[in-house]
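Please read the structure below before turning to the comments.
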Amino acid sequence: MATQQITGADNGPGFLVKVQRFGNFLSGMVMPNLGVFVAWGLLTALFIPTGWLPNPHLGALVSPILTYLLPLLVGFTGGYIVHGQRGGALGALATMGLIIGSDVTMLSGAMVIGPTAAWIMKKVDNYLEGKFRAGFEMLISNFSMGIIGLLITLLGYLIIGPIIEFLIHVLSAGVNWTISHKVLPLISIFVAPAQVLFLNNAINHGIMAPLGLEQVAETGKSVLFLVDANCGPSVGTLLAISLFGKGMAKKTAPTAALIAGVGGIGEVYFPFVLMKPVLVFATMAGITTSLSCFLMLGGGTVATPSPGSFIALLMLTPKGAMVGNLVGFFAGMLVSFLVASVILKLDRSQAAEEEPGELAADVAATSGVAIIVPEATQPLKRIIVACDAGMGSSAMGASILRNKLRKAMLDVEVNNSQIEAIPGGADLIVTHTRLIDRAKKLHDDGRVQFIAIENFMEAKTWDAIVGMVKQRRENS
Numbered sequence: 245m246a247t248q249q250i251t252g253a254d255n256g257p258g259f260l261v262k263v264q265r266f267g268n269f270l271s272g273m274v275m276p277n278l279g280v281f282v283a284w285g286l287l288t289a290l291f292i293p294t295g296w297l298p299n300p301h302l303g304a305l306v307s308p309i310l311t312y313l314l315p316l317l318v319g320f321t322g323g324y325i326v327h328g329q330r331g332g333a334l335g336a337l338a339t340m341g342l343i344i345g346s347d348v349t350m351l352s353g354a355m356v357i358g359p360t361a362a363w364i365m366k367k368v369d370n371y372l373e374g375k376f377r378a379g380f381e382m383l384i385s386n387f388s389m390g391i392i393g394l395l396i397t398l399l400g401y402l403i404i405g406p407i408i409e410f411l412i413h414v415l416s417a418g419v420n421w422t423i424s425h426k427v428l429p430l431i432s433i434f435v436a437p438a439q440v441l442f443l444n445n446a447i448n449h450g451i452m453a454p455l456g457l458e459q460v461a462e463t464g465k466s467v468l469f470l471v472d473a474n475c476g477p478s479v480g481t482l483l484a485i486s487l488f489g490k491g492m493a494k495k496t497a498p499t500a501a502l503i504a505g506v507g508g509i510g511e512v513y514f515p516f517v518l519m520k521p522v523l524v525f526a527t528m529a530g531i532t533t534s535l536s537c538f539l540m541l542g543g544g545t546v547a548t549p550s551p552g553s554f555i556a557l558l559m560l561t562p563k564g565a566m567v568g569n570l571v572g573f574f575a576g577m578l579v580s581f582l583v584a585s586v587i588l589k590l591d592r593s594q595a596a597e598e599e600p601g602e603l604a605a606d607v608a609a610t611s612g613v614a615i616i617v618p619e620a621t622q623p624l625k626r627i628i629v630a631c632d633a634g635m636g637s638s639a640m641g642a643s644i645l646r647n648k649l650r651k652a653m654l655d656v657e658v659n660n661s662q663i664e665a666i667p668g669g670a671d672l673i674v675t676h677t678r679l680i681d682r683a684k685k686l687h688d689d690g691r692v693q694f695i696a697i698e699n700f701m702e703a704k705t706w707d708a709i710v711g712m713v714k715q716r717r718e719n720s
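Residues 245 to 720 in this note's numbering are what the sequence shown spells out, letter by letter.
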């Protein structure tokens, strides 16, 4: 088996991999539809009675999209992930049963019943396969789907919907209690560490978004969208590293701060904390500060800022919440900057020497870490850069690598992808060290090679891969 990995990569325990995969599955139902969520958020921010441009005629679009379209999209996507087009269609049908049978937004319900309906359909299809004579396939396919669809839609309408509605009311009551008793900011104790373990998308889109939409339906905004998507605290930590950090971290932190704050790619912040975990307390303090200000000053947005940039936050801020959001954003940035600065100034350790690592047979060293490549000599024609969501850090990394290969006049296909959705036929998969276990478990076919990297922004890593591609071409 030809595989590649960076020496010293911490792949994490199996339990973390399972949690990451489950969280990614939840967020995977929302991420492909984020543009629609943003469009609905802009409609809400502009045209509801408390919006920037109140308009009853245009504002009439807001409620139907929230009630019907968004849950149906999520239900379809969840079903599609499990069982393709048939699963998606059945997931949407089952979600419709929940919507009609309840009085709350059924985004959470769609995340449950969409994949469940598709899973049942998949099991039935597998059972029926090959049990009927040729020529009856379409008849059996349509009627089996129709019968399963009827049963699960009725089940959702009569039983599952009311149960989920009750659970949503309980969760919403719990959230409202934390807000009214001013303890919501303490959630940073869990959110800040979870972010750097690549659970940010699960928190943001799998948990906070459904509960936040419930609040938007009632009050026109929600602070829950800013629990994870507020980039101010992470940018503050990166700015402190830019001034008081050491070695390569100090050199790359300014660019990371710009990308996180303006581009909204929060994953670029994670490697800096993973290299010095104590810095998570700086971000934790910043998140607590931001949430406290949002609550005191009436902050909140109408949808999840995605990407989580300062610009997206402003665009989704409703009328009356701008001051609270601005104060919360910059206060969180300032506090995380100050705490991180103190931590870094007290750090007496020496910066790691940037010496080349021990070379493998066909790879240059990168930032003092060798890439080990046993029995790997074939030319690389297709490279996939993968991350948790397939939209943020992997898109940036793929763009960097693609440009470097183009400048080196090497014709190699480079794409980015979500780990669970990496297409077949890849010669090399590049992902973060915290995600390499997931990638190998899903896609290690004995032929594809893997490289685990610490930082998607580090140029030497991509230069080494370019050198590897070039050397393989010369040796082939």
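All C-beta atoms in this analysis are idealised placements derived from N, C-alpha and C, irrespective of residue type, glycine included.
Just so we're clear, the structure is a prediction, and the values are computed from it rather than from any experiment.
Please return the same chain residues whose Cβ sits closer than 8 angstroms to the Cβ of residue i, not counting the five positions on each side in sequence.
i: T397; result: L337, A338, M340, G341
i: S346; result: G353, G405, P406, I408, E409
i: R717; result: P623, L654
i: I503; result: I509, V512, M640, M701
Return yes when the Cβ of residue j is within less than 8 angstroms of the Cβ of residue i, no when it is not.
i: I673; j: I628; result: yes
i: T481; j: A438; result: no
i: M577; j: P477; result: yes
i: V282; j: A547; result: yes
i: G331; j: K366; result: yes
i: L468; j: V419; result: yes
i: Y401; j: I357; result: no
i: A529; j: S580; result: yes
Looking at the structure shown, is residue i part of a helix, part of a strand, or coil, going by DSSP?
i: E373; result: coil
i: R626; result: strand
i: E657; result: strand
i: S346; result: coil
Roughly how many angstroms lie between the CA atoms of residue i and residue j, to the nearest whole one?
i: F554; j: V506; result: 6 angstroms
i: L278; j: A703; result: 30 angstroms
i: M389; j: G335; result: 11 angstroms
i: A361; j: V274; result: 17 angstroms
i: F514; j: L305; result: 38 angstroms
i: V263; j: F269; result: 10 angstroms
i: L686; j: A436; result: 28 angstroms
i: L518; j: V440; result: 7 angstroms
i: V710; j: K651; result: 10 angstroms
i: N647; j: W706; result: 10 angstroms
i: L411; j: G669; result: 43 angstroms
i: L588; j: H676; result: 25 angstroms
Using a Cβ-Cβ cut-off of 7 angstroms (strictly less than) and excluding sequence neighbours within five positions of residue i, which residues of its own chain qualify?
i: I364; result: I392, I396
i: K625; result: V656, E657, D671
i: A665; result: G634
i: V368; result: S388, I392
i: V524; result: A436, P437, V440, V517
Beta-carbon within less than 6 angstroms of residue i's beta-carbon, same chain only, minus the 5 sequence neighbours each way: which residues are those?
i: H449; result: S271, V274
i: L443; result: G267
i: N474; result: S534
i: T496; result: M701
i: G568; result: F538, L541, G542, G543
i: N699; result: P515
i: L457; result: T349, L351
i: S432; result: M528, I531, T532
Contiguous alpha helix (DSSP H) assignments of at least 4 residues, all confined to the region 495–582: If only uninterrupted alpha helix (DSSP H) runs of at least 4 residues are considered, those enclosed by the region 495–582 are 514–519, 524–541, 554–559.
Any alpha helix (DSSP H) of 4 or more consecutive residues that is wholly inside the region 273–337: 278–291, 300–303
In chain order, each alpha helix (DSSP H) run of at least 4 residues that lies wholly inside the region 375–428: 381–399, 405–424
Unbroken stretches of the alpha helix (DSSP H), 4 residues or longer, contained in the region 659–700: 680–687
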